[in-house]
Amino acid sequence: MRTTLMAWLAMPLLAASASAQTTGGAGGAGGAAQAARAAAANKPRTIDGINTVWLEELTQPEFRDMIKDGYTTVLIMTGGVENNDGNLSMNKHNINNKLLGEMMARKMGKTLVAPLVTLEPGNAGPTIQPGRAGPMLSQATYTALLFDMGNYLRSMGFKEIYYMGDSGGNGRGMQTAADSLTKVYADSPDKVSFKHIAEYYNHTSVIQPYLQNELKIPEGIKIGASTGTSGLHEELGIDATMALADPQSIRFAQRVKAGQAEINGIKFESLKWLQELGRKVADLRVTTTINAINAYRATLPKP
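In short: position in the sequence shown from 1, add 5, done, that's the working numbering.
Right under this line is the structure:
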């Protein structure tokens, strides 16, 4: 039995070795095939591209041409999967990032969004129960992932690489990755900026004061807190943007049916009302973040 298992495990290695011998290295048939593929990739496009800001949705020629056209800014957006109590999808942060990433990239112009980082840092252990949180990554793995993403995006031709996270625990890894990459390439003649934009995480610093002080919505939550009078890890501003992105993510119809369409003392007047509020919140989050990016850009050396 063990001999059979070892034979099966060895087969991929033998196949890879045979493949390498067949190609004959860079100067053989394999090299010719690579050259032909590179030539094909560099040919002018013969079909129109699509209107997207998401890097993974592009074809290679579309991406190549966008880089040449000045699309050299990219957003690395981090979210997570975590417990949000009884009403909200555990995918809350990623839903927000999908909505806001698109809005920011289009408003900034010449900007793309990298594939979302959908897991956040955390530690497994006996306190983690079904539905409690996760999966998560260790802090070391998380930081290494962010470093590698930024490094690879630099190699792809991006000149400004911005990290931003929708979850409070993500900041340390993003800051570390950005700072580390900045040091690694400090003396490089090919200047690339790596920056953590902490201002993107502005639920309590910007959105709560906006709802309570400017829009005069008396939500029962203390500014700076993540739990209000409903006793849930949930608040109106987040419900509103999630409803704008996907009403099912806040179980809107189910809550209406159960007579629970409210949070922290604020009843949802209608789905339209909640989505209109979500648009205002999203616009403010996007504007606040872009203002922070522009303030940082003003400190960069002029080309």
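Cβ coordinates follow ideal geometry from the N, Cα and C atoms, glycine included.
Enumerate in chain order the residues of its own chain whose CB-to-CB distance from residue i is below 6 angstroms, with the five nearest sequence positions on each side excluded.
i	result
T209	G229
A138	E87 and N88
E67	G54
Are residue i and residue j touching if we call contact CB-CB under 8 angstroms?
i	j	result
P5	N89	In this structure the chain extends from 6 to 308, so residue 5 is not present and cannot be described.
L151	V58	no
I271	L241	yes
K103	L121	yes
H4	T246	Absent from the structure is residue 4, since the part of the chain shown begins at 6 and ends at 308.
G75	K115	yes
N92	R256	yes
T78	M113	yes
Y167	K200	yes
Q65	A46	yes
G170	Q144	no
K164	V197	yes
L279	D244	yes
T181	T146	no
F273	A266	yes
Report back the beta-carbon spacing between residue i and residue j to the nearest angstrom; my notes put them in contact at under 8 angstroms.
i	j	result
G85	L124	6 angstroms
I268	S235	6 angstroms
V286	I212	6 angstroms
S254	S94	4 angstroms
Taking DSSP as the reference, what is the three-state secondary structure of residue i?
i	result
L80	strand
G170	strand
L289	helix
H201	strand
L124	coil
E61	helix
V118	strand
N97	Going by the sequence as given, residue 97 is Lys instead of Asn. K97: helix per DSSP, three-state reduction.
L105	helix
A303	coil
For residue i, count neighbouring Cβ atoms within 10 angstroms of its own Cβ and tell me buried if that reaches 16, exposed if not.
i	result
A261	First, the residue type needs correcting, since residue 261 is Val and not Ala in the sequence shown. Flag for V261 reads exposed.
R290	buried
I298	buried
A191	exposed
G29	Model confidence at G29 stands at a pLDDT of 44, short of 50, so the residue's coordinates are unreliable and nothing is read from them.
N101	buried
L186	buried
Keeping to the same chain, check which residues put their C-beta closer than 8 angstroms to that of residue i; ignore five residues upstream and five downstream.
i	result
Q26	Interpretation of Q26 is limited by its pLDDT of 42, a score under 50 that renders its predicted location unreliable; no figure is taken from the coordinates.
P223	Q217, G270 and I271
D70	R50 and G54
E107	V58, W59 and V118
A300	none
A129	G139 and M141
L305	S198
Excluding the 5 residues flanking residue i on each side, which residues of the same chain have their C-beta closer than 7 angstroms to its C-beta?
i	result
N296	none
T293	E204, N207 and V211
N99	G84, L121 and T123
K73	none
Y215	L289
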